[in-house]
Each structure stands twice: as C-alpha cells, then as structure tokens.
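Remarks on the structure that follows.
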Amino acid sequence: AGLHVLKERDWLQDLRRDHELMKQLVSGLKTMPEVDVFTYGGTNMCEVRVRPEVEDAVRKGDAITSYAKASGLRMDSYSRSGAGWRFVTHRSVTASQVEALLEAFEKGCKA
Numbered sequence: 241a242g243l244h245v246l247k248e249r250d251w252l253q254d255l256r257r258d259h260e261l262m263k264q265l266v267s268g269l270k271t272m273p274e275v276d277v278f279t280y281g282g283t284n285m286c287e288v289r290v291r292p293e294v295e296d297a298v299r300k301g302d303a304i305t306s307y308a309k310a311s312g313l314r315m316d317s318y319s320r321s322g323a324g325w326r327f328v329t330h331r332s333v334t335a336s337q338v339e340a341l342l343e344a345f346e347k348g349c350k351a
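In the numbering used here, the protein residues as written are 241 to 351.
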C-alpha cells in the first residue's frame, strides 16, 4: 500500500503547495503589528508569538487560540507554551484553514 501511494502522489507538487500556503500565512501574520514571526525560512514551518511588549500578550494569545479552536482548528494554548506556536502546513491543511487562522489572529489581537 505504501509503495502505491509513493507512485501515485506528486510529492514535490504537494511540498510546493505546502510552502505556498505557509507563505500566505506568514505574509498575513506579518501585517499584524502585535505578531512576531520569529522563525521562517521559506519552508512549510514557522514559529509565531504575540510580541512580548504588547499589553496583555498572554491574554491575546489565549484569545487567538480560542478563536482558532472555535473555527475547528487544532492549536495548543498560548499560556501553556508561553513562547508562541509552531505552525506546519502539510497535505491535510487547506487554504480555507489558513484564512481561518489569520482571522483568528486578527480577532484575538483586538481582544
């Protein structure tokens, strides 16, 4: 079964799509002054936090998490990690989920 999947999937195309989705996410996050994308190398992974100098940064982070979960996204609590989030795009992540996450950040930063 595994060999069949390897033959039937265009893994390189999947990876390109994953990288493009992450680029869209990072681009959207970088427009938000409260948000710091502190690790991103042009791949399908990034690390993000609410800037520590932002008033009520932990509360805003928890609000972002709540809005994301309300949209059906899985995300760890901000206050539990304390350092932010690590996001990874993969073949199960859709463009609409990226948009929902950006919306959760927009709402949470205003909370």
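Each residue gets a CB set at the ideal place from its N, CA and C atoms; glycine is no exception.
Should the segment 298-316 be regarded as contacting the segment 254-262, the criterion being three or more beta carbon pairs within less than 8 Å? no
Buried/exposed call for residue 274, threshold 16 Cβ in 10 Å: buried
Going by DSSP, what residue range makes up the alpha helix (DSSP H) through residue 295? Looking at the DSSP string, residue 295 is not in any alpha helix (DSSP H), and its letter there is neither H nor E.
Which of the three DSSP states is assigned to residue 338 in this structure? helix
So what's residue 287 in DSSP terms, helix, strand or just coil? strand
Using the DSSP secondary-structure output, state which residues sit across from residue 314 in a beta bridge. Paired residues: none, contrary to the question.
Distance check for residue 329 and residue 338, CA to CA, integer angstroms please. 9 Å
From which residue to which residue does the beta strand (DSSP E) around residue 331 run? First-last for residue 331: undefined, no H or E at that position.
For residue 279, list the residues DSSP reports as bridge partners. 287
Within 10 angstroms of its Cβ, does residue 348 collect 16 or more other Cβ (buried), or is it exposed? buried
Using a threshold of 9 Å, state whether the C-beta atoms of residue 293 and residue 326 are closer than that. no
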